[in-house]
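Chemist: Residue numbers (numbering that gives the first Met the number 0): 0 to 471. Even glycine gets a Cβ: it sits at the ideal position worked out from N, Cα and C.
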Amino acid sequence: MNRYAALFLVFLAPGLSKASLSAQERAAVRGAMADIARFDLADGRRGLAVALFSEGKIDFVAPRDQGFVGPLRAELFAGKQFEESKLVRQDSQIDFSWGYEAPGPGVPADKFSVRWTGQIRVERAGEYVFYTQTDDGARLTVDGRLIIDRWQDMGTTEFSGKINLTPGRSYDIKMEHYDAGGAAEARLLWSGPGQPKSVIGPIGQLAQSAPLFELERPPLRLAAGDFNGDKKQDLAVLHSGFPGNVTVLLQTLDGFESMTSNTGMDPSSMIVQDVDGDGKPEIVVSSSSSRDVRVYKITQNSLLQTAVFNTGSTTGETVALLRKDGRSDLAVALPGKKTILILGPALEEKARLETTDPARTLVAGDFNNDGATDVAAFDDSGQMYYWAGRGNGFAPAETFASGRVVAVISASAGILAIDQSGKLSLLKRSGSTWSANPRMDLGRGANRIVRIANGIAVCEPSQGTIAILKGE
Ligand SMILES: [Ca+2]
Ligand SMILES: [Ca+2]
Ligand SMILES: [Ca+2]
Ligand SMILES: [Ca+2]
């Protein structure tokens, strides 16, 4: 097993450890994140699809499958010709804008030089173009061949050189750089087969790739599922505005086939779930301004609305409650009515659960481990309501002061909730009492949370990062 495959298994290994959650890794995302969804590409790569609002596109974040084998050795010198070694360190990539500052402690701010050495591996054979962007000089050697040789004073300038690389071996790579004075900058990028032009980074590190799909309208919500039953995951995208659209991106071997339906409303919430039990997921859309819950599905390669329910009130979130017969009921938050509406698989009304204050956020799961799906709601005053599933209905509500939450997900041991200040807690039921167990502080602005195979991914739009948290 190569190193990449080993890292890949760490990222995807099933099962949840009992260790407490910690940020194992953060991926920086360029763009205004609206939502994230776990997503597998048809070529086998697994990662996260990221909806970028203002950019109007869906990007892919996954462990890098090619790049540096481990960190580079960086040796920094006083003098433009490696005269006096001042500092040795490890750099995971070459992406520096030092300006007028020194490139490291003990190294002069002018008339210095740097030598980076390491190895690089690719997964796809072909011609790779390397790009240096430096102020001042740069030299690049790959596999013993000098492919960029611009050892000259200059403002930041990009130069490129090409080389054919094949998978299955590691190539030596060496970049040298000097600064004569003034500002200094050094960057090393590449492009090649399936490799968009980007700064070279370490294999295994989470990285944002080129767009999976460019959308015509900004995406608001994103969810993945195999809508046409061809074993390739597809994406459902909810667009904001009136009238808002649902777009389904059916994954093909070399891209996506897109189909869109006008919802005729201003949609705010979307879930993907096999509601009717036919083995393929439906798309359930609701709106905070209009009063409909609508169900869409792919039938004979078209996106069709198959059911609609008028709630008579504005809606908060909708969640699916898995039934023993493989179909799903839906719980729909109606904050204006201080009610959680329970609908059956054909959108028939089954029950109404009451809250004291308006509740908008819901989560479903089996939180008392009796095999029946339960539902919990979070209201505007910081109270949680828990209804245990029982037969065809629910036990009376239990309440718990959870604090105001912005995002929740069911976990094997309870409910993971992010509150307004960015604190992540595990809400846990034992006996018939609930407790909140703080797990970590994500920082303000964390607002979306999705399950990955051995942990969770949290969207931190205000920091422009996705945190991957392992363990529970
Ligand atoms: Ca300079
Ligand atoms: Ca599919
Ligand atoms: Ca279905
Ligand atoms: Ca239960």
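1. Name the residue from Val-271, Ile-172, Thr-246 whose alpha carbon lies nearest to the alpha carbon of Arg-37.
2. Given 7 Å as the limit, tell me if Ala-371 has its C-beta closer than that to any heavy atom belonging to ligand 4.
3. Below 8 Å, how does it come out for the stretch 178 to 189 and the stretch 240 to 248: are there three or more Cβ pairs, yes or no?
4. What does the shell around ligand 2 hold, if a residue joins when its beta-carbon is under 5 Å from any heavy atom?
5. For a test of your reading of the model: does the CB of Lys-279 fall under 7 Å from any non-hydrogen atom of ligand 3? Yes or no.
6. Any heavy atom of ligand 4 within a distance shorter than 7 Å of the CB on Asp-328?
7. Quick one: Cα of Gln-462 to Cα of Arg-44, how far?
8. Please confirm whether Gly-224 and Ala-235 have their CB atoms less than 8 Å apart.
9. What does DSSP give as the partner residues of Met-174 in its beta bridges?
10. How far does the beta strand (DSSP E) with Gly-46 in it extend, from its first residue to its last?
11. Can you confirm whether Ser-312, when its beta carbon is compared against all beta carbons of chain C, has any partner nearer than 8 Å?
12. Hey, Pro-166 and Val-121: beta-carbon distance below 8 Å or not?
13. Residues in its own chain within less than 6 Å of Leu-164 by CB, not counting five upstream and five downstream?
14. Quick check on Gly-335: does DSSP put it in helix, strand or coil?
15. Does ligand 1 have a heavy atom nearer than 7 Å to the CB of Asp-440?
16. Assuming contact is defined by CB atoms lying nearer than 8 Å, are Ala-50 and Ala-26 in contact in what I supplied?
17. Say yes only if the C-beta of Ala-182 is nearer than 7 Å to one or more non-hydrogen atoms of ligand 1, and no if none qualify.
18. For a quick check, are the C-beta atoms of Gly-154 and Ser-112 less than 8 Å apart?
19. Which residue wins for smallest C-alpha separation from Ser-411, given the options Asp-378, Asp-369, Gly-103?
20. Cutting at 6 Å between CB atoms, please list the residues of its own chain near Gln-151, excluding the five before and the five after it.
21. Should the stretch 274 to 289 be regarded as contacting the stretch 60 to 77, the criterion being three or more beta carbon pairs within less than 8 Å?
22. With a 10 Å radius around its C-beta and 16 neighbouring C-beta atoms as the bar for buried, classify Thr-262 as buried or exposed.
23. Rounded to whole angstroms, what is the Cα-Cα separation between Asp-496 and Phe-81?
24. Please classify Val-307 as buried or exposed, where buried requires at least 16 neighbouring CB atoms within 10 angstroms.
25. Please work out which residues of its chain come closer than 7 Å, Cβ to Cβ, to Glu-100, disregarding the five sequence neighbours upstream and downstream, and give them in chain order.
26. Around the Cβ of Thr-432, are there at least 16 other Cβ atoms within 10 angstroms (buried) or fewer (exposed)?
27. Considering Cα atoms alone, identify which of Ala-466, Leu-426, Gly-454 is closest to Gly-442.
28. Cβ of Val-274 within 7 Å of any heavy atom in ligand 3?
29. Which residue's Cα is closest to the Cα of Phe-377: Gly-454, Met-439, Gly-388, Ile-408?
30. Which complete beta strand (DSSP E) runs does the stretch 187 to 238 hold, if anything under 3 residues is left out?
31. In terms of residue numbering, what span does the beta strand (DSSP E) encompassing Ile-93 cover?
Modeler: In short, the structure shows the following:
1. Position 38 of the sequence shown holds residue 37. Considering only alpha carbons, the answer is Val-271.
2. The sequence position of residue 371 within the sequence shown is 372, counting from 1. Checking every heavy atom of ligand 4 against the Cβ of Ala-371, one is found closer than 7 Å.
3. no
4. Selection output, chain order preserved: Asp-225, Asn-227, Asp-229, Lys-231, Asp-233.
5. As a first step, residue 279 must be located in the sequence shown, where it is residue number 280. Checking the Cβ of Lys-279 against ligand 3 gives yes.
6. Residue 328 sits at position 329 when you count from the first residue of the sequence shown. Not under cutoff, so the answer is no.
7. Locating residue 462 in the sequence shown gives position 463, counting from the first residue. Locating residue 44 in the sequence shown gives position 45, counting from the first residue. Whole-angstrom Cα-Cα distance: 26 Å.
8. Taking the first residue of the sequence shown as position 1, residue 224 is located at position 225. Taking the first residue of the sequence shown as position 1, residue 235 is located at position 236. A Cβ-Cβ contact shorter than 8 Å links Gly-224 with Ala-235.
9. The sequence position of residue 174 within the sequence shown is 175, counting from 1. Answer is Trp-115, Leu-139.
10. Working through the sequence shown from its first residue, we reach residue 46 at position 47. That run of the beta strand (DSSP E) goes 45 to 51.
11. Absent here is chain C; the protein component of the structure consists of one chain.
12. To locate residue 166, count along the sequence shown from 1; it is residue 167. To locate residue 121, count along the sequence shown from 1; it is residue 122. A contact, by the Cβ cut-off of 8 Å.
13. Numbered from its first residue, the sequence shown carries residue 164 at position 165. Counting only Cβ-Cβ distances below 6 Å, and skipping sequence neighbours, we find Val-121, Tyr-127.
14. Looking up residue 335 in the sequence shown gives position 336. It is helical.
15. To locate residue 440, count along the sequence shown from 1; it is residue 441. No, the Cβ of Asp-440 stays beyond 7 Å of every heavy atom of ligand 1.
16. Here residue 50 refers to the residue found at position 51 of the sequence shown. Here residue 26 refers to the residue found at position 27 of the sequence shown. Not closer than 8 Å, so no.
17. Counting from one through the sequence shown, the residue named residue 182 turns up at place 183. Result yes, Cβ under 7 Å from ligand 1.
18. Start at 1 with the first residue of the sequence shown, and residue 154 comes out as number 155. Start at 1 with the first residue of the sequence shown, and residue 112 comes out as number 113. No, Cβ-Cβ distance for Gly-154 and Ser-112 is not below 8 Å.
19. If you number the sequence shown from 1, residue 411 lands on position 412. If we check each option's Cα against that of Ser-411, Asp-369 comes out closest.
20. Numbered from 1 along the sequence shown, position 152 holds the residue referred to as residue 151. The answer, listed in chain order, is Gly-136.
21. no
22. Position 263 of the sequence shown, counted from the first residue, corresponds to residue 262. Per the 10 Å Cβ criterion, buried.
23. For the chain, the structure presents residues 0 to 471; residue 496 sits outside this window and is missing.
24. Counting from one through the sequence shown, the residue named residue 307 turns up at place 308. With fewer than 16 other Cβ atoms within 10 Å, it is exposed.
25. Reading the sequence shown from its first residue, position 101 is the one you call residue 100. Around Glu-100: Ala-108.
26. By one-based count along the sequence shown, residue 432 stands at place 433. With fewer than 16 other beta carbons inside 10 angstroms of its own, Thr-432 counts as exposed.
27. Taking the sequence shown and counting its residues from 1, the one referred to as residue 442 is at position 443. Comparing Cα positions, the closest option is Ala-466.
28. Translated into the one-based positions of the sequence shown, residue 274 becomes position 275. For ligand 3, at least one heavy atom lies less than 7 Å from the Cβ of Val-274.
29. Taking the first residue of the sequence shown as 1, we reach residue 377 at position 378. For the residues Gly-454, Met-439, Gly-388, Ile-408, the minimum Cα distance to Phe-377 belongs to Ile-408.
30. 194 to 198, 205 to 213, 218 to 224, 233 to 238
31. By one-based count along the sequence shown, residue 93 stands at place 94. Careful: Ile-93 lies outside any beta strand (DSSP E) and carries neither H nor E.
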